[in-house]
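Engineer: Can you keep this structure in mind? I'll have questions shortly.
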Amino acid sequence: MSSNRPYLLRAIYDWITDNQLTPYVLVDATVEGVRVPPQVVKNGQVVLNLAMRAVANLELGNEFIAFQARFSGVSQAIRIPVQAVLALYAQENGQGMMFPAEDGDVPPPAPGPEDPGPGPADGPQKPRRSPHLRVVK
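Written as structure tokens, this is what we have:
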């Protein structure tokens with residue numbers, strides 16, 4: 000079955016622009032295939048403005064988001080695999096959607112010999128207490 004992420008991205012983008020808000024996308028710049036100017040990447044992530052006044056030739060495809068944008072006055076071709084998108088939201092109010100890692104994106108860690116995982120020999124586990132805060136004056 001195909002991923003629903005590109006369909007959700009298009010729907011959220013349309014919803015944001017229909018409400019005259021500014022769509023921003025948060026991208027994991029470490030994902031293979033992400034093509035953005037290196038000077039805009041901070042901590043392995045980049046936030047990009049997808050408003051029609053900020054980009055040209057925007058294509059929200061099933062595999063990639065592609066567009067032209069200016070960085071320091073220089074037009075650059077941007078290409079982002081849809082699996083690299085972490086969030087799409089309205090800049091004005093933060094409303095939008097965050098996207099979890101897809102099943103094929105990052106494999107879960109396999110238990111090694113030092114971490115065999117929980118088993119019947121482990122015995123009963125202690126229930127976790129909920130965290131609490133206390134005001135200190």
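According to numbering that gives the first Met the number 0, numbering within the sequence shown proceeds without interruption in unit steps and concludes at 136. Backbone N, C-alpha and C define an ideal beta-carbon position, used for all residues, glycine too. From a predicted model like this one, the values you see are computed outputs, not experimental measurements.
#1: One question on the structure: do Ala89 and Leu20 come within less than 7 Å of each other, judged by their Cβ atoms?
#2: Consult DSSP for Arg78 and reduce its assignment to one of helix, strand or coil.
#3: Can at least three beta-carbon pairs, one atom from the stretch 78 to 94 and one from the stretch 47 to 66, be found at a separation below 8 Å?
#4: Is the Cβ-Cβ distance between Pro37 and Phe70 less than 7 Å?
#5: Residue range of the beta strand (DSSP E) that Ala55 falls in?
#6: Please classify Leu49: does DSSP put it in a helix, a strand, or coil?
#7: Please state whether DSSP places Gln44 in a helix, a strand or coil.
#8: Is it true that the CB of Val24 sits closer than 7 Å to the CB of Leu49?
#9: For Leu85, which residues does DSSP report across the bridge?
#10: Is the beta carbon of Val26 less than 7 Å from the beta carbon of Val45?
#11: From Thr16 to Arg4, what distance separates their C-alpha atoms?
Structural biologist: Taking the structure as given:
#1: Stepping through the sequence shown from its first residue, residue 89 is reached at position 90. Stepping through the sequence shown from its first residue, residue 20 is reached at position 21. Yes, Cβ-Cβ distance for Ala89 and Leu20 is below 7 Å.
#2: By 1-based counting over the sequence shown, the position of residue 78 is 79. Correct three-state label for Arg78: strand.
#3: Touching, per the Cβ criterion.
#4: Taking the first residue of the sequence shown as 1, we reach residue 37 at position 38. Taking the first residue of the sequence shown as 1, we reach residue 70 at position 71. The answer is no: Cβ separation not under 7 Å.
#5: Numbered from its first residue, the sequence shown carries residue 55 at position 56. Per DSSP, the unbroken beta strand (DSSP E) holding Ala55 starts and ends at 54 to 59.
#6: Indexing the sequence shown from 1 puts residue 49 at position 50. Looking at Leu49 - three-state DSSP - the assignment turns out to be coil, as it is neither helix nor strand.
#7: Position 45 of the sequence shown, counted from the first residue, corresponds to residue 44. It is a strand residue.
#8: In the sequence shown, residue 49 corresponds to position 50, counting from 1. In the sequence shown, residue 24 corresponds to position 25, counting from 1. A contact, by the Cβ cut-off of 7 Å.
#9: Position 86 of the sequence shown holds residue 85. According to DSSP, Leu85 shares a beta bridge with no other residue.
#10: Counting from one through the sequence shown, the residue named residue 26 turns up at place 27. Counting from one through the sequence shown, the residue named residue 45 turns up at place 46. The answer is yes: Cβ separation under 7 Å.
#11: Reading the sequence shown from its first residue, position 17 is the one you call residue 16. Reading the sequence shown from its first residue, position 5 is the one you call residue 4. The alpha-carbon atoms of Thr16 and Arg4 are separated by roughly 18 Å.
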